[in-house]
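Engineer: Under our numbering, the residue at position 102 of the sequence shown is numbered 103, and the numbers go up by one with no gaps. Virtual Cβ for every residue (Gly too), placed ideally from N, Cα, C. Predicted model only: the values in this text are computed from it and were never measured. Below you'll find the structure I mean.
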Amino acid sequence: MTTLEIRDLHASVIDNDIEILNGVDLTVRSGEVHAIMGPNGSGKSTLASCIAGHPKYTVTSGSITLDGQDLLALSVDKRAKAGVFLAMQYPVEVPGVSSSNFLRTAATAIRGEAPKLRNWVKELNGAMTRLEMDAAFSQRDLNVGWSGGEKRRHEILQLELLKPEIALLDETDSGLDVDALRVVSEGINRSVSSGLGVLMITHYSRILRYVRPDFVHVFHEGTIVESGPSSLADELEESGYARFGIEDLDNHPNTAVDAVNG
Numbered sequence: 002m003t004t005l006e007i008r009d010l011h012a013s014v015i016d017n018d019i020e021i022l023n024g025v026d027l028t029v030r031s032g033e034v035h036a037i038m039g040p041n042g043s044g045k046s047t048l049a050s051c052i053a054g055h056p057k058y059t060v061t062s063g064s065i066t067l068d069g070q071d072l073l074a075l076s077v078d079k080r081a082k083a084g085v086f087l088a089m090q091y092p093v094e095v096p097g098v099s100s101s102n103f104l105r106t107a108a109t110a111i112r113g114e115a116p117k118l119r120n121w122v123k124e125l126n127g128a129m130t131r132l133e134m135d136a137a138f139s140q141r142d143l144n145v146g147w148s149g150g151e152k153r154r155h156e157i158l159q160l161e162l163l164k165p166e167i168a169l170l171d172e173t174d175s176g177l178d179v180d181a182l183r184v185v186s187e188g189i190n191r192s193v194s195s196g197l198g199v200l201m202i203t204h205y206s207r208i209l210r211y212v213r214p215d216f217v218h219v220f221h222e223g224t225i226v227e228s229g230p231s232s233l234a235d236e237l238e239e240s241g242y243a244r245f246g247i248e249d250l251d252n253h254p255n256t257a258v259d260a261v262n263g
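Spelled out as structure tokens, the structure:
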């Protein structure tokens, strides 16, 4: 059983006094799916970035541990080796690096040794088949010219091959048509059934109809203001955040949080 524990976490943009996370408490265990929902600019992506160790943010107080190990004391690569995986909201394009080379290099770093080529090809092709990806896709430059759906499938491909303990999925449902949403969701569910703990950031309940969360958390002004079962996502879809006294930040892009957190 792997446990990610976040206690009274406060964080801001580095070299900036604006606090984005304002006392987050959350525990994610193996096999659990936690959905984080909330308006734009509430700090959801910042939370995922702080767990993964993004250098843009600085944790000012609080703790993040994985099975008791202090993640804040580890570099980004060591957090990944410890079992933390981040599917980024905006995957970076890497010209000149093929998908297959990227994946094998990442697997080598995580496993501590390079997988034998014959075994690796079989493993890669099997995962791509499950995700309904053409084998030729592995030779394309990483994320270069890819559609949103292609990027999302590739993130789940990474998830299946790297086998982390905890996955942070930041708007993995964005840019997906109905078929891609089904395939991506099936991939997530396969990993969850194998013991993966998931923290899923989303604006919509659509993906949560395929990947049913054990817990839904409403995020506002850098903290969790309410938690509940999966039915809470359906309530939010119908009524929005008005009952929490949350203003629609989509119409106020110049607020302090939006200015630095998007």
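Go through its chain and collect everything with a Cβ distance to V29's Cβ below 7 Å, but skip five positions before and after it.
Structural biologist: Position 28 of the sequence shown, counted from the start, is the residue given in the question as residue 29. Cβ within range, chain order: L5, H35, I167, G198, L200.
Engineer: Nearest-angstrom Cα distance between P116 and N17?
Structural biologist: Looking up residue 116 in the sequence shown gives position 115. Looking up residue 17 in the sequence shown gives position 16. Those two C-alpha atoms are separated by around 43 Å.
Engineer: Are the beta-carbon atoms belonging to G196 and G32 less than 7 Å from one another?
Structural biologist: As a first step, residue 196 is located in the sequence shown; it is residue number 195 there, counting from the start. As a first step, residue 32 is located in the sequence shown; it is residue number 31 there, counting from the start. Going by C-beta atoms, G196 is nearer than 7 Å to G32.
Engineer: Taking only runs of the alpha helix (DSSP H) that begin and end inside the segment 59 to 134, which ones reach a length of at least 4 residues, in chain order?
Structural biologist: Here the runs fully enclosed are 77 to 83, 100 to 112, 118 to 131.
Engineer: Quick one: Cα of L237 to Cα of G97, how far?
Structural biologist: On the sequence shown, residue 237 is found 236 positions in, with the first residue counted as 1. On the sequence shown, residue 97 is found 96 positions in, with the first residue counted as 1. Their backbone Cα atoms lie some 43 Å apart in a straight line.
Engineer: Give the range of the alpha helix (DSSP H) segment to which G149 is assigned.
Structural biologist: Residue numbering aside, residue 149 sits at position 148 when the sequence shown is read from its first letter. Start and end: 149 to 163.
Engineer: Tell me which residue opens and which closes the beta strand (DSSP E) that S13 is part of.
Structural biologist: For the purposes of this step, residue 13 is taken as the residue at position 12 of the sequence shown. 4 to 14 is the span of the beta strand (DSSP E), which, as asked, contains S13.
Engineer: With distances taken between CB atoms, is the gap from L162 to L104 smaller than 7 Å?
Structural biologist: As a working note, residue 162 is residue 161 in the sequence shown. As a working note, residue 104 is residue 103 in the sequence shown. A contact, by the Cβ cut-off of 7 Å.
Engineer: With a Cβ-Cβ cutoff of 7 Å, do A181 and G150 count as a contact?
Structural biologist: Counting from 1 along the sequence shown, the entry for residue 181 is found at position 180. Counting from 1 along the sequence shown, the entry for residue 150 is found at position 149. In this structure, G150 lies closer than 7 Å to A181 by Cβ.
Engineer: In terms of DSSP beta bridges, what is E20 paired with?
Structural biologist: Indexing the sequence shown from 1 puts residue 20 at position 19. DSSP, once it has assigned bridges, lists S13 as partnering E20.
Engineer: For N120 and L10, I'd like the C-alpha separation in whole angstroms.
Structural biologist: Residue numbering aside, residue 120 sits at position 119 when the sequence shown is read from its first letter. Residue numbering aside, residue 10 sits at position 9 when the sequence shown is read from its first letter. When rounded, the distance between both Cα atoms is 42 Å.
Engineer: How should Q140 be labelled, buried or exposed, when 16 other C-beta atoms within 10 angstroms of its C-beta is the threshold for buried?
Structural biologist: For the purposes of this step, residue 140 is taken as the residue at position 139 of the sequence shown. Q140 is exposed by the Cβ-count criterion.
Engineer: Using CA coordinates, which residue listed in I247, F216, L125, I225 is at the minimum distance from A234?
Structural biologist: Taking the first residue of the sequence shown as 1, we reach residue 234 at position 233. A234 has its Cα closest to that of F216, out of I247, F216, L125, I225.
Engineer: Since T59 contacts I21 with CB under 8 Å, what's their CB separation in whole angstroms?
Structural biologist: Locating residue 59 in the sequence shown gives position 58, where the first residue counts as 1. Locating residue 21 in the sequence shown gives position 20, where the first residue counts as 1. Not quite, the Cβ-Cβ distance comes to about 10 Å (not below 8 Å), so this is no contact.
Engineer: On the DSSP bridge list, what partners appear for V193?
Structural biologist: Locating residue 193 in the sequence shown gives position 192, where the first residue counts as 1. DSSP, once it has assigned bridges, lists no residue as partnering V193.
Engineer: Once the 5 residues before and after H282 are set aside, which same chain residues still bring their CB inside 7 Å of it?
Structural biologist: Given a span of 2 to 263 for the chain in the structure shown, any question on residue 282 remains unanswerable.
Engineer: Determine the direct distance from the alpha carbon of G54 to that of V261, and round the result to whole angstroms.
Structural biologist: Position 260 of the sequence shown, counting from 1, holds the residue named residue 261. Position 53 of the sequence shown, counting from 1, holds the residue named residue 54. In this prediction, V261 has a pLDDT of 41, which is less than 50 and means its spatial position is unreliable; what the coordinates show is noted afterwards. Between V261 and G54, the C-alpha separation is close to 17 Å.
Engineer: Which term fits V193, buried or exposed, when burial requires 16 or more other beta carbons within 10 angstroms of its beta carbon?
Structural biologist: Position 192 of the sequence shown, counting from 1, holds the residue named residue 193. So V193 counts as buried.
Engineer: Kindly list the residues whose CB is nearer than 8 Å to the CB of S228, restricted to its own chain and excluding five residues on each side of it in sequence; keep chain order.
Structural biologist: Counting from 1 along the sequence shown, the entry for residue 228 is found at position 227. For S228, where only same-chain residues beyond five positions count, the Cβ hits under 8 Å are F216, V217, H218, V219.
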